[in-house]
Structure formats: structure tokens, C-alpha cells
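There are 2 protein chains.
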Amino acid sequence: MGRYIYFFAKNEAKGSAKLRNLLGGKGANLAEMANLGIRVPPGFTISTEVCTYYTEKGYYPSELDEEIKKNLKKIELITGKKFGDPDNPLLVSVRSGARISMPGMMDTVLNLGLNDKTVKGLVKQTDNSRFAYDSYRRLVQMFGNVVLGVPGEKFEELIDKMKESKGVKQDVELPDESLKELVEEFEDLIKQEKKVDFPQNPFKQLEMAINAVFASWNNKRAINYRKINKIPEHWGTAVNVQTMVFGNMGNDSCTGVGFTRNPATGEKTLYGEYLINAQGEDVVAGIRTPQPLAKLKEEMPQVYQELYEVTQTLEKHYRDVQDFEFTVEKKRLYLLQTRTGKRTAQAAVKIARDMVKEGLISKDEALLRVEPDQLEQLLHRRIDPKAKVEVLARGLPASPGAATGIIVFTADRAVELADNKKKVILVRKETSPEDIHGIAVAQGILTSRGGMTSHAAVVARGMGKCCVAGCEAIKVDEKEKRFTVNGMVFQEGDYITLDGSSGKVIKGKVPMLDPELSGEFREILEWADEVRTMGVRANADTPRDARVAREMGAEGIGLCRTEHMFFGEDRLPFVQEMIMAESSEDREKSAKKLEPMQKEDFKGILKEMEGLPVIIRLLDPPLHEFLPNYEDLLVEITKLKIQGADSKEIEAKEKLLQRVADLREMNPMLGHRGCRLGITFPEVYSMQVRAIFEAAAELTKEGAKVFPEVMVPLVVNEKELSILRTQIVKVAEEVMEKENIHFEYRVGTMIELPRAALCADKIAQEADFFSFGTNDLTQTTFGFSRDDAEGKFLPFYIEKKVLEEDPFQVLDQEGVGKLVQMGLKEGKKSNQSLEVGICGEHGGEPSSVKFCYRIGLDYVSCSPYRVPIARLAAAQAKIEENQK
Amino acid sequence: MGRYIYFFAKNEAKGSAKLRNLLGGKGANLAEMANLGIRVPPGFTISTEVCTYYTEKGYYPSELDEEIKKNLKKIELITGKKFGDPDNPLLVSVRSGARISMPGMMDTVLNLGLNDKTVKGLVKQTDNSRFAYDSYRRLVQMFGNVVLGVPGEKFEELIDKMKESKGVKQDVELPDESLKELVEEFEDLIKQEKKVDFPQNPFKQLEMAINAVFASWNNKRAINYRKINKIPEHWGTAVNVQTMVFGNMGNDSCTGVGFTRNPATGEKTLYGEYLINAQGEDVVAGIRTPQPLAKLKEEMPQVYQELYEVTQTLEKHYRDVQDFEFTVEKKRLYLLQTRTGKRTAQAAVKIARDMVKEGLISKDEALLRVEPDQLEQLLHRRIDPKAKVEVLARGLPASPGAATGIIVFTADRAVELADNKKKVILVRKETSPEDIHGIAVAQGILTSRGGMTSHAAVVARGMGKCCVAGCEAIKVDEKEKRFTVNGMVFQEGDYITLDGSSGKVIKGKVPMLDPELSGEFREILEWADEVRTMGVRANADTPRDARVAREMGAEGIGLCRTEHMFFGEDRLPFVQEMIMAESSEDREKSAKKLEPMQKEDFKGILKEMEGLPVIIRLLDPPLHEFLPNYEDLLVEITKLKIQGADSKEIEAKEKLLQRVADLREMNPMLGHRGCRLGITFPEVYSMQVRAIFEAAAELTKEGAKVFPEVMVPLVVNEKELSILRTQIVKVAEEVMEKENIHFEYRVGTMIELPRAALCADKIAQEADFFSFGTNDLTQTTFGFSRDDAEGKFLPFYIEKKVLEEDPFQVLDQEGVGKLVQMGLKEGKKSNQSLEVGICGEHGGEPSSVKFCYRIGLDYVSCSPYRVPIARLAAAQAKIEENQK
């Protein structure tokens, strides 16, 4: 063990910011400031090693006492005060300070050095008897509680009694005398409770306080906090003994906090507030309203100038925005603390970009300064944070963004009102494919049932519309066109506002902020693009999504789902006809009717993405999703029968019911879907593939350069892919021959089942590309049905830390990630030209994006508005790798 | 290339059985027999290399013609006949013969050497003009068709015309003259069709025939056959040219086939049949009834004696049962073919055991001679194969075995009749938990709906009862107490018989055979136990199953499922009460009522398995399985409402419906089940664990040595197991303290989700044992819901060879197996004392059992009646490894 104690005072500190592990965050920064020539109240830090020593052995190093005395002497020399001197007493604070902040977990004692004699010296010094006795009262109370263990409420009881007897309500109203009396009562209480006297000897006070702070490292609260936050026991805490300074010594004193730049906007201006003639606690207590720092410039111009210069020095020194605390005691400025300032996404972007322009930090540093996760704030329409809102209820944040509109209860009504230029919010118990035209025209969707993958949620996310799902507090009565919540009734035409990012349902209209891709933001993202080597694509199902994706910087479409196209109002009847078909010929006939529409869909998307690859996934969900709900039909038929309805009508319904029954499954997630449909009903895929290639041919003829890539979903082995690849290639050749034109195309597969990842070597031989579908891969690897888990055990699991994270949000690197790694490695080994990406929702989650980079994926693909997040995260991953 | 041609005749063959690849199966065995001094019609084999040469180059090696002539000369020397000699003509056959038999795929030409002149010699030689001209007629016909390519039906037309003109019905009724005429007509037909003459030159005939047989290796039929059976193109076929011998030369001639032991029973006796004065074709055609070989002993005692000795020589030489063909031409015996004889399971067991006793083969060889898969025949009650049955319909073979009984349509009625000592078959559309008491008393279960994992199937398999499920041809009318099938009506009280192994539903009573564990069978299994090093346990849920398992040789219980206990008539109300409970206290109260019953369940099983480990899996299925069906309730409520029923009744039903709705899931397979229930509702597992340990404590007090092992299902990470392990250990300690007794126990987990296998290293640190649940692991690794896949795409996939095997029957070694291997390796690496087994249905499937041995599992566990199969397969795996 080296030295135990590190002294600090302006221009003469033994420690520095580098010694954070030894001195704790507070101690290290105090030393650093002192060495920068900044005035800090002089003091010393007892290192964390002493804590460890004490924890291990139960006693302190023998030299410690001597060293404390030596350092106290140094303080006395600088301050001209003397510890325990009845005329000019030095007062000190004793505070904990670990490597990282553990707010409120450990103990603090202020005003040490006061006793019956020195308090009189303080009265003289300050000419403020009330202040002196109140300080003394606080010392005895804190010491009695923290150091001696007398329950805090016993002191409070005595204060309350005193206030009652004096007929006052606030502590501050108590006169000097009462405070004096309280000191005595407190000392009696200590004696009575703990059979010891409050120590009048200041050195005894100091020794006991230091001891108590070290011991507080092992109090229950701190142990629990460390467990939860995974802070190692052996780190220990440091103890800071520091001269007390007082901002409440008159109108030439004050105390305040501030930032070197505006933490909300990033603007380069001193930002903060202060209170004249006050102490830190008063600012926190909020009894008086603090003034903005600009006001200090008027009131104490010199002090302001000094503060400005000092904090500028700090920002330059630390090369980041500083969040500082200061006290002015009789016009003399002391800095009490400095640390990196927290900031909003907007500020983070602006500050990072500005600091590069100012030459303060490098572009790499700037990129690391912005939290990718935070960026989402900037990428959706959002409720103005300044607005006052009345929250009616909270549902699941199913699709981010915010929307205001009048409520409607049916899709048809939504269309009707939207045609009349009304902004509508569609409110349903739950949505079904038949509501799709209503969803398309609505500003936002609210459902009282269903989870994060309910129909409403999936479709809304797909369309980039805000959605609050499964909001059970809202009782929807679709027939009466109203909903009730907490006894309030809302009817068609009433305004509500949804916040899809938080799940809030809000009464009335609320002011909104539009998403911003400000100049600074663009600039930062361009720097990210210069650095990153992993591609970023978008998941987009419509030309509109594709356009947004391109604006957001996507380098192609990583996943274009085709099933949502099937839900269109004009297509659903043909889709249902295709499903009800009883022969291959009939199926083909219905499919043919869909082909021209699908072709237009693909033309639109391919055109938006001209020059970039577009991966189109063939139909994935089980067919029953396109038919009416089984239970609804069942109830309807039961009613018709009892009511003696026409037998033909019943028969038709029963036929439909039979088909739904044939198709529905125990576990549709693991059922007859994906390429299993393609293999058993080849007509559907044939139609889709033909539509894709016809679209490509037509665009090529028009002179556009398009790159369609056909993706086969849900393969378990190479045979499936080989069968379908043969079929796809055949159609491509037919189209090229018929249209007499050549276009490039590729055929690949989704890797979304564990077996596909495990057998990637063989599958890769049939594929031009792999795209890891980590949503489904997570479902099967965990055996979690997302629909079920999110409403049932998953929240419980996360709350109880059975799982650290929701694996549907953050890629499970240990399990699912291992499969992705295996699949990638084996796939590339057996097919060197294989391109490998990921298109699950994890493709837009920063820690997952970084993982994807580290294991060597070629690109990630995510929803359009997460593209900027992925671009930044990919750049950070590269920088972090370079720094290793 | 070595020699092209291998001569063979008694005591002088150039080839041998070892040259199978070169000579084909037939040629190699002919050479081997010749070298053993057995009389075979002399001949020679043209090697497969010539075929390859010809296929590659399109012509034959130049020396071939010369060699053929040389070898023909050798035949002439031995037979004293001459090829093409008008007085004493030698006739030969030309046949294909590949490495492995490709029955009927390639061509054969008989009677080569006949022409207008030599036929007269044959007449003289045999004194049988009809025989000679019929032989000639056959040659021209076969040659014309096979060698020259004239369609076979054109010859048949001419024969038909001839028969008509002669007024006869059978070929054999045609007189010599007509046959002579037919030869001429055939020759004209060839001339007319192919513009060539039928070659009168015997050498030309031979050359062309050899050419045709080689060419037939590449006919369409043969190519397809090879594709399907994965026979490589380059193997080629050999060609055998062999002296014709005739069993139809009078009453001192005959032809026959036989086995050296009875292939049905294994009895050591010459077994087979023959026809006097006949040719091989006649035996096949079945015009006359053949005689048993015993009869030959009377008719031709010397020939019989020779045949007996020769075939005994063959059996000793080949050290296995031989399936042979022979011809006697004028009292002279010729062996035409020999090969290993196919046999029934019963025979295989007896023969293997007897041959060891006879010193013919080693025990290891004996163990390899029995096909484990075949043994299943012996392990269930089965329909007497001799019985004539009328099959009404076929459903899914859901649970093996056979049963006869009178039909009933409700569980209550089943119990009523069973109480009156009636044997009943329970027939339902589908079963539900409420039928469990009916299933328990029934001989077998028949359902018209549901798959291999429907309630009926699972429960029946669990109880070891025969079940035919999803038999859609049967229309069940439960109300009218009848079912109809193919227009027939069956009513309560009518007899039917079920074959759960084939899925057949049979009319009336049928004679049955009981399962046999004969002395020989036991002996073989004991030998297997001596050899094998991998353990074999059983999956058993009841004391009765446990008893059977022990009889079958199980070394413990690898999986005791506890959910079936919950379905008991006396428990279900409490289970439902537990599920409907709205607070933890209420849940605990209901659980407490189940505890004594569960304790008795466990006592029974532990007692049966005294001295052996019993792995008890805690509750696994989702809770809604114990409640009524959602749709039934829905329909019921709809009816009640329309009919204006009592509002309280409706309310109660709606409350139940609500609970069912809360609990039911989109994908129950991936839902709130297994340890997820244990963690969210700890009361259920607590009750079960307490019941297990109380049972162990009571038995230990009674002096029994029991080894309960608690298995936690469906874990995805170590945290789940650690939470539950803590809970389980706590209960164990409480019980031991309360009962003041010590017993051993262990805590482990099922590995049945990909993530568990991928993270086995961490999970192993919380586990005493792993048991791979390969049923669920297959479902999640493939993303196949067994319930859905088996009724939908899986049969199609297997038929079209998209999958080679049903992965629920045969472990998918490439995908699922890789996970098992990883989990095993990582688990054992991080916990050396970890015991690892498998308890999916694959544990009783021979190729899967062998895989389990090869990768190093400690044991397999399977249903009780498959234990002998697993014991044998495990021994075979060990022997196969030793042989490497």
C-alpha cells in the first residue's frame, strides 16, 4: 500500500483525475481541479485502500491517525483557521466517494469541529448566532444518527415538539434560543439512547465520523445497491475531509449548479441556476426560486467572470460538457464538484459536432459521445415535452411515435372521415385483416387487447404508424361507438392523443414536435458512414417506407415482407379465393389474379431503391391468417342455427368454418408456413416470383438498374432451398426470355430456425445470401412464443432478473448469438461469396448492431427510422475495435 | 483392369464370395458354392468392370470375345454338350447380377443356343418335342423383346390368336405343332418390326444377349431404381452366362426353394417347397401347389439327403441361415442360388441364440444378427397374423398394441361396463381430460380427430394402451351412441378390434397373440447387457409402468411425467380449483389438497424402483390443458344467452371462459409452461417437491432404499434452475428435518430447448444431471409443431424426400444431434460429475440409441416396452465401435 492520504488545495494536490480508483470520483476530481489552479475548499482524501484494509482487518493502519493530523495542519495553514479553536474554528465535512457514484447509499457528516466552545467562535466570526447554532444542531443530529446510530425520527420528534411549543411551522422559524435548547436535548437523547456523550473533542468527532463513513460501505443499503449494480465489494470507498464553506454568509454569498453548455439544446452558453445567501440544501429543498446564471453576471460580475473562466478551463481540460457545483462565500468562489454532464439526444448531437469544429475532440470521439439508443427521441413525431397532458391510461408501446386525432371505431368510418380530411385514431378491441384499410388512413391505432405482435402492432410498425396496444383499462364498445376509461366516456369524434413510444393514451389534442434530421445530425451520420465498414439496410414493405429508408441512409432493403400486400382491401378477396381453392388449377387461377397487383407493388419498391439491392421475402405466415376468425364464425353459426336461419346460408358458413378449421393450428408459429407453403402449394410462390421478375424486367426496359433478391423463409435444410431455387431460377429465365431482357437477381434464404443455423454449411451451397431472422430465431431458441410470453411470464422474468434483458429487444448474444455466429462461420466457409446480414428487429438495437459487427456480418437491416441508429452504432463498433 | 471373365463349375471357380463388387451378388455366390464342391450348372461371370468399360467407351474390350469363347469351351468340356451342336446342344442363360439385388430391373435371356437345327437335337435328347419347341418359342420371344426391342404385347397377341384358333385357354394346352408355328410367326414379327432376322447363329445370339444385359444397366427403370435407392452409377452390373438345367425333364426332375432353418420360428429344420417336373417359373406362377421339402425326403430320399448336406455346408460356411434355390435334372441336384435368409423377429432371436450354442457364431455376432427395430413385433399384444380380418378403416397408429372390445361412446359408460367385467373400446371424436377415467378402464381408444400428440394419443401411450387416433373415415355420433363407416353402422355393444401399431380398425373380435419375452429372447438380452456400457432406463408414469419397465430390464426411471397424475378423476377438480385461484394463498390451499395424492403416486413408483434412480419431472404442460375447451364453452354460452338462460349460470360460465381465455395461448408449445410455471406460480412445484420428498422419507423409514431425482423442465438459462434448485433443496431439508431421516436426492434439468443446449456450460453448474428431451428439442430446432406438422406438411415432406426421415421418430443427428452433442460436451466440461441421458421417444429407436452411445451419453430412457430394443441397440453400438 502506498500513501493513505492525498491532500488537495488550489495548486497543490497530491492526487489527480487518473487516480479515480484510489480516490473515488469526488476525490479525484477535487484533486484535478486543485491542480488546475481552481479554488476548491482545501481538504484531503483518505484512499479506498484504507477502506479495504479496514474491511479486511477490522482496524486502521497505525500511521493513519498521524497522517490525518498532519493534513489537518496543512488545511489550518491555508485557511488560517484552527480545528477546535474557540476563536476561529475550522469546520470540516466528511463524505464518502466511491469509484462510481452510489447516490444516497453511504453516509455524510457536516460541520465537524463544532462544540459548546467553538460554536461561540462561529457566532463571532459570522456575526450570525442563528446560523451558528443551527449548524451545531445539525452536527449533533447527523452525528447522533449516522455515527452513533440513534434513529433519525427521534430527533425529528424533538424538533416537532419544539416547533409546537413555539407555535411555529417551519424549522427556519425557530429562534436561536430554541436551537440552543435543541442541541442540549439532542445531546441528552444520545446519552439516553446510547449511554455515551456527544464528543466535545473535535478530533474525536473526526475520528468517529471517518470510521462511520468507511463502515457505511458495508451497510445493508450499500450492499444491496452493489449487488444490483454489480459493483465489486473490494472496490471500497474513499473518504473526503474538506473545509466547510458557506454560501449563506450574507448577500455577498451564494451557491449554485450549472452546465458548460445547455444540456437540452447543446447551445454553447453557461447554463444553470443559483441562490443568493443560501446553502446547497436550500437549492434542493426548493423553498426559494433559484435565479438563472445569467442573472449572476449582473449581480456579481466579477464572480460570474471567474466562474465562466474556471468552467471553461474545466470543459477544455476534460474535453466534455461539465456539470458543476459551486459556492461563493463572501465573494470568494469555490468549486465543489465537477463531472461529465448528462444531455438530451439533440444536445448530444450538437455538442459532439460543435466540439469537433472547435478542435476540442476528434470525429471518432464525437461519434462515441452520442448514445445511439437516445437518437430514437429524434426520429419520431413526439409529444412536446413541455406540454401539460392528462394521461387516461397506459397500454403497450407497440409502435413508436405520437398522434392526435378524433376517435372512430370501425375501419369503414375511418376511411369515410379521412376522405373528409379528418385526422382519425382507430380504436378497436383488436384489429384483423379486414381493418387494414382503416389502419392505412388512421394517424394511430389503439387496441384494448393483444400484445406487441398482435395484428395491430405488427401492421402499425410495418406502416410506421403509432400504436398503443393491449390497453386493457379502456373498455371499447364498438356497437355503441364509445369507450370508457376510469368512468369517463369518449365517443366518436372526441379527440385523443397516443404516445406509441410510452404507451400513453392522453385526453384531447396535444402539441407535437416533428422528427428532426438536423444539419448537425446529418453531419455526425456522415462521419459515421466514413468510419463504419458494416452495411446498413432497411426493412420496408412499401414504396413509401422505401423512400423514408433511403432518406435515412439505408443502403438497400434487407427485408421486404410480401404478406402485408395480401391484406390490401382489393387483394384479400382473391387471397381468400386462392386459399379456399380445392385444386392446384383453381389455386393457380386465383393466384393469377393477384399477380398484376403484386407486380405493381414490387415495381414501386424496386424503383425507389434503384441502384440498391432489394431483398423480397416470399409469403411467410400461415394461410389461416387471411381467413376470418374461427371463434367468430363458430358463434355466428351457433346463432344462425338456433334462430333457424336459411340452411344454405348455414351450409356456406360451415364450409368456410371447415376450411378455417383445416388450416388453423395448435402452434401456428411452428406450423404450415414459410417455405413449407411454397413447397406444398407451389402456385403461390410461383406467382410472387413471376411478379418480382416481371417488375424487374419492366423497370430494366425503362432504363432503371434494379437488383431484386428473392428470399425463401423458414428453411430447415438444403433440400427445401434447392427445390425452390430451381423453381425460382426457372421463372427468372422464362421471364428474361419472354421479355428479351437481362437483369441481375439473387436467391437466398432467411436463417430463422436453429436447425438452419446448425446446418448452414449445406444450406449455403444453395444460397447467394443469408439473412438471419432473429425474431423467429429467438422464439425457437428460447422456446418463447412472443405473442404469449410478452403478456405472461416475460415481464415477470425481466422484473425478477431471471432474464437480464428482453431477448426480443436486445439480441441474446450467449444463445441466439452463438447460433448466428455458427451459421455465419459455417455458411461463409462453404460458400465464400455468401453475403450474410440480419433482418430481425435487433438490426436497429445498438448493442446488437455492435455484436453483429464484431462477429463479421456484412450488414444489418432495421426499420427505416432506426437506420440512423444502426449507422452510428456500426461506426462506434468499428472505433471501439480500433481502440483495442 | 484384371481379368474380364471368371469361370465357375463344381470345384473349379476363379471367383469367390469376396469378389462381390466385381462379380455381383449372384456371380460371387455361384463361384463360392462351386469352390465348396457344390454342384452348380457350370458357367462364367463377365465382371462389372466390363460394364463400366462399356458404359464409358461404348464398346467392349477387344479380348472379350476371345475369352467368352474360351470359357464356353470349358463348359462344353464339363457338360459334354456343345454350343450350337445340332445333336447335343448346350443351352445357356444370360442374367444380370449387380452388387446388390435390383429385382426385375434388368434383363435376362434364357435358352440361348437354340435354333432351327439344335431344337431338333433337344427333341432327341429329351424325347420331349413339346418341351423343346416351347423352349425355342420362349427364346425367340424373350430375345425379340429384350434384345431386339419388339414390344412384348405383340408376341402375346400372337399367342392369344393361336389359342383362340386352337380353342384352348392356357399356354400349356397348345400342342407341339402350334408352338412350332408360333416360332415362325415370332420370327416373322421380328423381321417385320425390326427389319432383321432372328439370329440362327448361337454365338451371335450370345453376343447380342450379353450386350443387351449390359445395356439394361442404363435403362430408365434401372436408373430410377438406383436414384431412389442411392446406388452409384459406376458400380455397373456383372453378366452371368450359365448352362441351362431343367427341372421339367420328367418325374425324376424338380425345382424348389428353401431355408436352412424355419424363417418364421427359427426352428432348426430344412424348410421350403418344391414341384416335381417343373421349372422355376411354374413355382412362381402358382399353377400347381408345391410340396413341402419333407415330402422330397420320401419321394427322392437320396436327392433330399444331398440337398440337406449341401445346404448344411452352406449354412456352416456362411455362418448364417441360407435362402437357396435348386433344380434337380434327372436326379442330379444343382444349386442355382444362395443368400442370407430373411426372418421374423422371433426367428432372428432364436437363430442367433441357437447358433451361439452350436458354436457357429460368437455372442457379438449373435447380437448383431437381430434387428432391434424388428423386436417391437414381440413386445406388444398383437393380432394373430394368421387371422382373417375385415379392415373397416385406417387411422394414425397412435399407441401400439392391439385390443378387442365392445364399443362405448362416453367415459362414464366405459366405467359402468368395465365394472361389469366387460372389455370396452372407448370411441370418441376426440378425448379431453374429462375422459381420463374412461380411458383408464378401456382396452383401447379410437378417435376420429386429432394427431399423434392429441390428448388420446398421449394419454394412451402413457398408459401403454393401444390407440388409433384421427381416423376420419369413422363418423362418430356420440349422442346417438353409434358410428358409421363406409355405410355400415356400429352401435354401443358391437365388437371391434384396434391395431394401434398399424392404425387399423377391424370389424368384430380377432384372435390375439400375447407379447413374448421368451427364454431365448431373455438370453440374448442378457448377452447384450454384458456387452453394453450405456445405461437403459424407462419412461414410466405409474407404478404399473414401472413394474413393466423393471421386467423389461430398465435400470431406473429416466422420465416420470407428473401431469398425467393431474388428470385423474379424483384430482382434476382440485387442479381446476388451483388454476382458478386468484391469489397465491388460494393456490396454495388447493395445492395442499393434491399433495397427499401426489405423495401416494410417488411412493408407488419409488417403491417399484427400489434401489434404482427415479427421475421425476415437475409439472410441464400449460395450465389451460386442465380446463374445459374454449370453443365448447363459447358455443355453450352463446346458446344459453339466446335461450335466455339464468343469468347466474351464464355469469359463472363466463367467468370460467374468461379464465380459459386468459390462459390459452397462440402457441402453447412455446408458452407459459414448464419451469416458467414453477417460477411464476411457485406453489405448484412446492407441492410436488414436498410430495416427492415426503414419499422418499416414508419409504426410507420403512427400510426401502430410494433415489428420487427431481427434474426441472424447459429451462433456458442457469438462473431459472438456480431459483428452483434453491426452492427444492429447501423443501428437501425441511422434510428431512421434520421426519428426522436422511435420503439421497438429486436435482437436474431437462435440456429441451436450443438455448439450454447452447448454454449448457452454465446450466450444468446448477445441475446434478441433464436429460435431453429430444421431442421438444426437435420441435424447436426444426420449428415444427408436432401436432400440426404430422397432419399437414410432414407426410408430404417425407414422401417427397424433402426430409429423409420423420425427425420425431429418428433423431436428426445433423441438426438436433449437434445440439445434443454440444450440450453434452459443454455440460460435462463444466461439471465433471454431471450425468447425462436422453428421455425423448428417440431413446427407444435403434439408430438414435447408437448415436447416443457414440457421442457418449450415460443412458437412454424410453417407454417400457422399448427397453429391450434399446438394450440390444446399445450393445450393438458398442460392438460396432470395437470392430472399428
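Going down the list, the sequences are from chains A and B. Going letter by letter, the first sequence gives residues 7 to 890 in my numbering. Going letter by letter, the second sequence gives residues 7 to 890 in my numbering. Each residue gets a CB set at the ideal place from its N, CA and C atoms; glycine is no exception.
Exercise for the section: Kindly identify the DSSP beta-bridge partner or partners of A104 of chain B. Expected result: As a position in the second sequence, residue 104 of chain B is number 98, starting the count at 1. B:T243, per the DSSP bridge assignment.
Problem - the stretch 715-732 of chain A touching the stretch 759-771 of chain A, judged by at least three CB pairs closer than 8 angstroms - result: yes
Practice task
Can you give me the start and stop residues for the beta strand (DSSP E) that V482 of chain B sits inside?
Solution key: Residue numbering aside, residue 482 of chain B sits at position 476 when the second sequence is read from its first letter. Element bounds for V482 of chain B: K481 to D483.
Practice task
Please look up how many angstroms separate the CB atoms of E715 of chain A and I622 of chain A, rounded, as I've assumed it's under 8 angstroms.
Solution key: Here the question's residue 715 of chain A lines up with position 709 in the first sequence. Here the question's residue 622 of chain A lines up with position 616 in the first sequence. Between I622 of chain A and E715 of chain A the Cβ distance is about 7 angstroms, and since that is below 8 angstroms, they are a contact.
Practice task
Quick one: give me the first and last residue of the alpha helix (DSSP H) that C57 of chain A is part of.
Solution key: In the first sequence, residue 57 of chain A corresponds to position 51, counting from 1. T54 to K63 is the span of the alpha helix (DSSP H), which, as asked, contains C57 of chain A.
Handout entry: Residues of its chain near Y636 of chain B, where Cβ-Cβ distance is below 6 angstroms and the 5 sequence neighbours each way are ignored
Key = Along the second sequence, read from residue 1 onward, the residue named residue 636 of chain B stands at position 630. Closer than 6 angstroms at Cβ, skipping near neighbours: V666 and R670.
Exercise for the section: Compute the Euclidean distance between the alpha carbons of A534 of chain A and A544 of chain A, then round it to the nearest angstrom. Expected result: Along the first sequence, one-based indexing puts residue 534 of chain A at 528. Along the first sequence, one-based indexing puts residue 544 of chain A at 538. Distance between the alpha carbons of A534 of chain A and A544 of chain A: 17 angstroms.
Exercise for the section: At 9 angstroms on the CB atoms, spell out the chain B contacts of C845 of chain A, in chain order. Expected result: Position 839 of the first sequence, counting from 1, holds the residue named residue 845 of chain A. The contacting residues do not exist; C845 of chain A stays about 17 angstroms from chain B at best.
Exercise for the section: Could you name the residues of chain A that R731 of chain B contacts, counting a contact when the two beta carbons are closer than 8 angstroms? Expected result: Within the second sequence, the letter at position 725 stands for residue 731 of chain B. Result: empty, since nearest Cβ-Cβ is about 13 angstroms, beyond 8 angstroms.
Exercise for the section: List the residues of chain A whose Cβ lies closer than 9 angstroms to the Cβ of I648 of chain B, in chain order. Expected result: On the second sequence, position 642 is the one that residue 648 of chain B refers to. Under the 9 angstroms cutoff, chain A gives T644, K645, I648 and Q649.
Exercise for the section: Measure the alpha-carbon distance for P517 of chain B versus V447 of chain B and round it to whole angstroms. Expected result: Along the second sequence, one-based indexing puts residue 517 of chain B at 511. Along the second sequence, one-based indexing puts residue 447 of chain B at 441. Approximately 21 angstroms between the Cα atoms of the pair.
Practice task
Measure the alpha-carbon distance for R577 of chain B versus G499 of chain A and round it to whole angstroms.
Solution key: In the second sequence, the residue the question calls residue 577 of chain B occupies position 571. In the first sequence, the residue the question calls residue 499 of chain A occupies position 493. So the alpha carbons of these two residues sit roughly 54 angstroms apart.
Problem - chain A within 8 angstroms of K798 of chain B, Cβ atoms only - result: As a position in the second sequence, residue 798 of chain B is number 792, starting the count at 1. Chain A, which has a Cβ nearer than 8 angstroms to the Cβ of K798 of chain B, makes this yes.
Problem - I196 of chain B, enclosing beta strand (DSSP E) - first and last residue - result: By 1-based counting over the second sequence, the position of residue 196 of chain B is 190. Looking at the DSSP string, I196 of chain B is not in any beta strand (DSSP E); the run it does join, the alpha helix (DSSP H), is D182 to K200.
Exercise for the section: Determine, using beta-carbon pairs with one atom in the stretch 784-802 of chain A and one in the stretch 725-744 of chain A, whether at least three such pairs fall under 8 angstroms. Expected result: no
Exercise for the section: Leaving aside the five residues before and after D182 of chain A along the sequence, list all residues of the same chain whose C-beta is less than 6 angstroms from its C-beta, in chain order. Expected result: Sequence index remark: in the first sequence, residue 182 of chain A carries index 176 (1-based). Cβ within range, chain order: S135, R136 and Y139.
Handout entry: Rounded straight-line distance, which links the Cα of F496 of chain B to that of D483 of chain B
Key = Start at 1 with the first residue of the second sequence, and residue 483 of chain B comes out as number 477. Start at 1 with the first residue of the second sequence, and residue 496 of chain B comes out as number 490. Cα to Cα, D483 of chain B sits roughly 10 angstroms from F496 of chain B.
Handout entry: Neighbourhood of G90 of chain B by C-beta, 6 angstroms cutoff - its chain only, sequence neighbours within 5 removed
Key = Your numbering for residue 90 of chain B matches position 84 in the second sequence. Result list for G90 of chain B: P208, in chain order.
Exercise for the section: Take the Cβ of Y859 of chain B as the centre, count every other Cβ of all protein chains shown within 10 Å, and call the residue buried at 16 or more, exposed below. Expected result: Residue 859 of chain B sits at position 853 when you count from the first residue of the second sequence. The residue is buried, with at least 16 neighbouring Cβ atoms inside 10 Å.
Problem - Meets three-Cβ-pair contact criterion under 8 angstroms: the stretch 504-523 of chain A and the stretch 379-387 of chain A - result: yes
Exercise for the section: Locate the beta strand (DSSP E) running through F14 of chain A, then write down its first and last residues. Expected result: Residue 14 of chain A sits at position 8 when you count from the first residue of the first sequence. From DSSP, the beta strand (DSSP E) with F14 of chain A extends over I11 to F14.
Practice task
To the nearest angstrom, report how far apart E886 of chain A and A351 of chain A are at their CA atoms.
Solution key: Taking the first sequence and counting its residues from 1, one reaches residue 886 of chain A at position 880. Taking the first sequence and counting its residues from 1, one reaches residue 351 of chain A at position 345. The alpha-carbon atoms of E886 of chain A and A351 of chain A are separated by roughly 21 angstroms.
Exercise for the section: Measure the alpha-carbon distance for T780 of chain B versus G450 of chain B and round it to whole angstroms. Expected result: Numbered from its first residue, the second sequence carries residue 780 of chain B at position 774. Numbered from its first residue, the second sequence carries residue 450 of chain B at position 444. Distance between the alpha carbons of T780 of chain B and G450 of chain B is about 27 angstroms.
Practice task
Starting from S438 of chain B, trace the alpha helix (DSSP H) both ways and give me its first and last residue.
Solution key: What you label residue 438 of chain B is simply residue 432 of the second sequence in a count that begins at 1. Taken as a continuous stretch (DSSP letters only), S438 of chain B belongs to no alpha helix (DSSP H), as it is neither H nor E.
Exercise for the section: Check each candidate in A:V152, A:Y501 and A:F527 and name the one with the smallest Cα separation from E396 of chain A. Expected result: Taking the first sequence and counting its residues from 1, the one referred to as residue 396 of chain A is at position 390. When each option's Cα is compared against that of E396 of chain A, the closest is A:Y501.
Handout entry: Close beta carbons around T706 of chain A, own chain, < 7 angstroms, minus the five adjacent residues each side
Key = Position 700 of the first sequence, counted from the first residue, corresponds to residue 706 of chain A. Closer than 7 angstroms at the Cβ level, and outside the excluded window around T706 of chain A, lie V712, I747 and F749.
Practice task
Could you tell me the boundaries of the alpha helix (DSSP H) in which I875 of chain A lies?
Solution key: What you label residue 875 of chain A is simply residue 869 of the first sequence in a count that begins at 1. That run of the alpha helix (DSSP H) goes V873 to Q889.
Problem - Neighbour flag for L676 of chain B against chain D, beta carbons, 8 angstroms - result: In summary, chain D is missing from the structure at hand, where the protein chains are A and B.
Exercise for the section: Below 7 angstroms between beta carbons is the criterion; list the residues of the stretch 365-377 of chain A that meet it against any residue of chain B, in chain order. Expected result: none
Handout entry: Test item: CB-CB of L70 of chain B and Y10 of chain B under 8 angstroms
Key = What you label residue 70 of chain B is simply residue 64 of the second sequence in a count that begins at 1. What you label residue 10 of chain B is simply residue 4 of the second sequence in a count that begins at 1. Yes, these two residues count as a Cβ contact at 8 angstroms.
Problem - Start and end residues, alpha helix (DSSP H) containing D258 of chain A - result: To locate residue 258 of chain A, count along the first sequence from 1; it is residue 252. Here D258 of chain A belongs to no alpha helix (DSSP H), and DSSP marks it neither H nor E.
Exercise for the section: Using alpha carbons as the reference points, say which of A:V581, A:Q380 and A:H630 lies closest to Q694 of chain A. Expected result: In the first sequence, the residue the question calls residue 694 of chain A occupies position 688. Nearest option by C-alpha distance: A:V581.
Practice task
Pull up the distance between the alpha-carbon of L154 of chain B and that of K197 of chain B, whole angstroms please.
Solution key: Residue 154 of chain B sits at position 148 when you count from the first residue of the second sequence. Residue 197 of chain B sits at position 191 when you count from the first residue of the second sequence. So the two alpha carbons sit approximately 10 angstroms from each other.
Problem - Buried or exposed by the 16-neighbour rule on C-beta atoms within 10 Å, applied to K856 of chain A - result: As a working mapping, residue 856 of chain A is identified with position 850 in the first sequence. The residue in question, K856 of chain A, is buried, as its Cβ has 16 or more Cβ neighbours within 10 Å.
Exercise for the section: Could you tell me how far apart the beta carbons of L402 of chain B and N492 of chain B are, in whole angstroms, since I believe they sit closer than 8 angstroms? Expected result: Position 396 of the second sequence holds residue 402 of chain B. Position 486 of the second sequence holds residue 492 of chain B. Not quite, the Cβ-Cβ distance comes to about 19 angstroms (not below 8 angstroms), so this is no contact.
Problem - Spatial distance of M7 of chain A from N224 of chain A (CA atoms) - result: Counting from 1 along the first sequence, the entry for residue 7 of chain A is found at position 1. Counting from 1 along the first sequence, the entry for residue 224 of chain A is found at position 218. Below a pLDDT of 50, predicted positions are generally treated as unreliable, and M7 of chain A, at 49, falls in that range; the measurement from the model is reported next regardless. If you take the alpha carbons of M7 of chain A and N224 of chain A, they lie about 21 angstroms apart.
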